Amino acid sequence: MTQDLVSALFGDPFAVVNTTGLVAFALVGSAKAIREEFDLFGVVVVGLATAFVGGVTRDLLVNRVPLALQSPVEIGLGLLGVGLAVVLSLRLRAPDEHTLIVVSDAVGLGAFATTGAIVASDVGTSAFGVVAIATVNAVGGGAFADILLDRSPFILFDDFYASCAVLGGCSYWLVAGAGVIDGGAALACATVTVAVRLVAVTRDWQVPTVGDLRNTDE
Amino acid sequence: MTQDLVSALFGDPFAVVNTTGLVAFALVGSAKAIREEFDLFGVVVVGLATAFVGGVTRDLLVNRVPLALQSPVEIGLGLLGVGLAVVLSLRLRAPDEHTLIVVSDAVGLGAFATTGAIVASDVGTSAFGVVAIATVNAVGGGAFADILLDRSPFILFDDFYASCAVLGGCSYWLVAGAGVIDGGAALACATVTVAVRLVAVTRDWQVPTVGDLRNTDE
Amino acid sequence: MTQDLVSALFGDPFAVVNTTGLVAFALVGSAKAIREEFDLFGVVVVGLATAFVGGVTRDLLVNRVPLALQSPVEIGLGLLGVGLAVVLSLRLRAPDEHTLIVVSDAVGLGAFATTGAIVASDVGTSAFGVVAIATVNAVGGGAFADILLDRSPFILFDDFYASCAVLGGCSYWLVAGAGVIDGGAALACATVTVAVRLVAVTRDWQVPTVGDLRNTDE
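Chains as they are written, first to last, in full-length UniProt numbering: chain A, 1 to 218; chain B, 1 to 218; chain C, 1 to 218.
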């Protein structure tokens with residue numbers, strides 16, 4: 001039983017990044033809800049929503065009963081992330097800005113973009129569908145959490161975040177098209193998403209606005 | 001025909017609570033939209049959304065065409081609730097705070113949590129799935145209405161409301177597991193949800209925030 | 001290939017209105033995001049959401065994998081609308097208020113309401129289902145875009161907009177019930193929606209609020 005659990009959580013490289021991502025996403029979401037002074041029920045909901053809404057949306061789009069409702073292990077990981085956020089928030093002001101969490105969040109972004117791309121190409125969507133579902137899987141949870149917190153999804157006007165998943169989804173599609181090796185597309189998607197995200201955080205990249213373009217024009 | 005309708009609305013105890021709940025939920029939602037000075041179209045949409053979005057989300061999660069789109073009777077009950085809200089709002093300032101409506105709303109919460117739990121266990125989700133779908137079915141409409149009204153869902157930071165449905169969902173799962181009698185799980189879920197809600201309203205229970213925990217710590 | 005594309009876009013009257021609608025909806029949505037100073041990623045997301053979320057919601061409600069994820073041509077039209085909004089916003093303050101765009105938007109409203117009504121009656125929903133899905137298909141994208149922009153959907157308190165789709169959906173159902181000629185219901189739905197919308201814009205129609213009714217009462 002314990003052995004099964006260990007193998008489900010860390011049995012292969014993909015399980016490791018997925019496990020890391022679920023905990024990190026739940027932690028980041030709950031920490032935001034704690035700062036908004038939501039009650040504990042709200043903190044749990046926002047944390048689990050951040051971790052799972054991306055995958056649930058993906059499953060709805062491809063017409064499957066969401067996996068998150070069927071797997072107790074994944075929910076346990078989400079609750080672990082929520083618990084960590086609560087404990088850390090009693091000591092730190094913003095546990096979600098700690099370097100370890102920022103890196104884990106980038107790993108989660110890569111894991112979720114990859115799962116999305118794999119599921120989308122399994123059901124035979126267009127290239128746009130692969131990129132769109134990879135992106136929704138990766139950032140849907142965070143965007144939905146922001147709507148629950150009554151603000152615009154941060155991914156739409158701030159930071160270089162969702163764009164990493166878009167680039168990861170495009171890599172998946174290009175490598176899958178080239179058809180080199182089994183698993184090559186998934187590896188490319190995860191690597192590109194995580195690498196671009198880490199560079200974007202380090203160098204503080206921003207996506208330009210139309211206002212920026214207008215100023216360049218002058 | 002009239003007889004069929006009467007039996008659909010009040011034929012068994014469950015039909016009675018479901019009927020009460022639909023009217024009460026639609027009334028509560030419309031009253032909120034009226035206070036925000038939405039136009040009549042908006043009032044109808046927010047009222048119907050409060051009554052039906054929980055059930056529609058449940059149906060989407062288990063991959064069914066939503067029942068609400070197939071049953072004219074249920075829509076009629078929703079519109080009745082909206083009509084009552086409009087008529088009462090011409091006379092009262094907050095018809096949704098009347099004791100009769102608060103009690104009906106608690107009855108609706110119990111009815112919808114129970115429907116959610118039944119549907120979830122029919123499709124074979126995990127224990128978490130049963131509790132999650134019961135809760136979404138019960139509070140999804142109210143939460144979505146708050147998003148339409150451009151505020152955070154009240155269930156996330158205020159009041160002891162969604163927690164009643166969580167406890168109801170847990171009861172369902174425990175009693176179903178014990179497997180005593182047919183219908184026992186449904187009865188337990190509805191009773192626990194309604195009873196806890198009524199106690200919570202009377203005693204003004206609140207779920208604590210992490211800030212409360214921090215203060216206790218000191 | 002070019003010939004196929006031309007025929008997909010303009011091959012029959014319905015394709016022409018659908019093409020016009022997709023471009024207009026994407027343009028209107030992106031222009032709103034540009035005014036809120038979203039970054040370019042956010043502008044693309046809000047534009048595509050405005051054009052496609054109505055149809056995706058329709059497909060989810062009737063349990064289909066969304067067409068938008070399978071058709072590269074439709075996405076191309078959405079991106080064309082986004083591109084137009086960006087280019088026009090460098091010159092004009094509010095390209096979405098230009099008469100040409102307002103008329104195209106009305107045409108899109110009619111096209112999307114009609115598609116929704118056709119799909120709903122194909123899967124055999126109730127009369128309410130036909131009207132509800134026609135309306136969601138027509139206005140769901142704009143409403144979702146407003147939620148992304150952190151405001152209440154404008155259709156709920158302002159303007160005579162969604163009501164046009166409701167009237168169109170009712171016409172569809174009435175004409176389909178009468179069963180006169182093939183395609184008559186679709187034609188009625190599209191014509192009624194577009195005509196009512198153009199009259200509503202010209203005469204500045206508003207749906208009354210309960211406050212208005214209360215004042216009339218006195």
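From the three backbone atoms N, C-alpha and C, an ideal C-beta is built for every residue, glycine too.
Owing to the predicted nature of the structure, the values given are computational and were not obtained by experimental measurement.
Going along chain C in order, which residues have a C-beta closer than 8 Å to the C-beta of residue i?
i, result
"A/N63", "N63, R64 and V65"
"B/V46", "L156"
"B/L69", "L61, A120, T125, S126, F128, G129, A132 and I133"
Does the Cβ of residue i have 16 or more other Cβ atoms within 10 Å, making it buried, or fewer, making it exposed?
i, result
"A/N215", "exposed"
"C/A94", "exposed"
"A/A178", "exposed"
"A/R58", "buried"
"C/R203", "exposed"
"B/R197", "buried"
"residue 219 of chain C", "Past the edges of chain C, shown from 1 to 218, lies residue 219 of chain C, and the structure says nothing about it."
"A/V74", "First, the residue type needs correcting, since residue 74 of chain A is Glu and not Val in the sequence shown. Under this definition A/E74 is a buried residue."
"A/T99", "exposed"
"C/V87", "exposed"
"C/D122", "exposed"
"C/L90", "exposed"
"C/V199", "exposed"
"residue 256 of chain B", "Chain B is shown from 1 up to 218; residue 256 of chain B falls before or after that span and cannot be answered."
Looking at chain C, is there any beta carbon in it that lies within less than 8 Å of the beta carbon of residue i?
i, result
"A/V43", "no"
"A/A132", "yes"
"A/V123", "yes"
"B/Q206", "no"
Is the shortest distance between the beta-carbon of residue i and the beta-carbons of chain B less than 8 Å?
i, result
"A/L60", "yes"
"C/L213", "yes"
"A/E97", "no"
"A/I155", "no"
"A/L80", "no"
"A/D39", "yes"
How about residue i and residue j: do their beta carbons lie closer than 8 Å?
i, j, result
"A/A117", "A/G81", "no"
"A/L109", "A/T193", "yes"
"A/S104", "C/L148", "no"
"B/A111", "B/A190", "yes"
"C/P66", "C/V56", "yes"
"C/V43", "C/I34", "yes"
"C/A134", "C/A113", "yes"
"B/L69", "C/F128", "yes"
"C/C163", "C/A188", "Strictly speaking, residue 163 of chain C in this sequence is Ser, with Cys absent from that position. No. Outside cutoff."
"B/V201", "B/V102", "yes"
"A/S30", "A/A120", "no"
"B/L156", "A/V45", "yes"
"C/F38", "A/T209", "yes"
"A/A185", "A/A176", "yes"
"A/V139", "A/G83", "no"
Please decide whether residue i counts as near chain A, where near means a Cβ-Cβ distance under 8 Å.
i, result
"B/I101", "no"
"B/T209", "yes"
"C/L84", "no"
"C/L112", "For clarity, residue 112 of chain C is Phe in the given sequence; the question names Leu instead. Taking Cβ atoms only, chain A never reaches closer than 8 Å to C/F112, which makes this a no."
Anything in chain A within Cβ reach of residue i, meaning under 8 Å, just list it in chain order.
i, result
"C/I75", "S126 and F128"
"C/L198", "Those within 8 Å of C/L198 in chain A number zero; the least Cβ separation is about 30 Å."
Just to confirm, does residue i get its C-beta within under 7 Å of one of the non-hydrogen atoms of the ligand ATP?
i, result
"C/Y161", "Because no ligand of any kind appears in the structure shown, any question about the ligand ATP cannot be addressed here."
Residues of chain B with CB under 7 Å from residue i, in chain order?
i, result
"residue 219 of chain C", "Residue 219 of chain C lies beyond the stretch modelled for chain C, which goes from 1 to 218, so this question has no answer here."
Which residues in chain E sit within 8 Å of residue i, going by Cβ to Cβ distance?
i, result
"C/L90", "Protein chains in the displayed structure are A, B and C, and chain E is not among them."
Using a cut-off of 7 Å between C-beta atoms, extract the partners of residue i located in chain C.
i, result
"B/D105", "Per Cβ cutoff of 7 Å: no residues; B/D105 is ~20 Å from chain C at best."
- Task: Using a Cβ-Cβ cut-off of less than 7 Å, give me the residues of the stretch 162-187 of chain C that come near chain B, in sequence order.
- Result: Correct list: A162 and S163.
- Message: Beta carbons nearer than 8 Å to chain A: which residues of the stretch 13-26 of chain C have them?
- Response: The residues in question: there are none.
- Query: Going along the chain, which residues of the stretch 140-153 of chain A sit with their C-beta nearer than 7 Å to a C-beta in chain B?
  - Reply: For the stretch 140-153 of chain A, the beta-carbon criterion of a distance under 7 Å to any beta-carbon of chain B is satisfied by I147, L148, L149 and D150.
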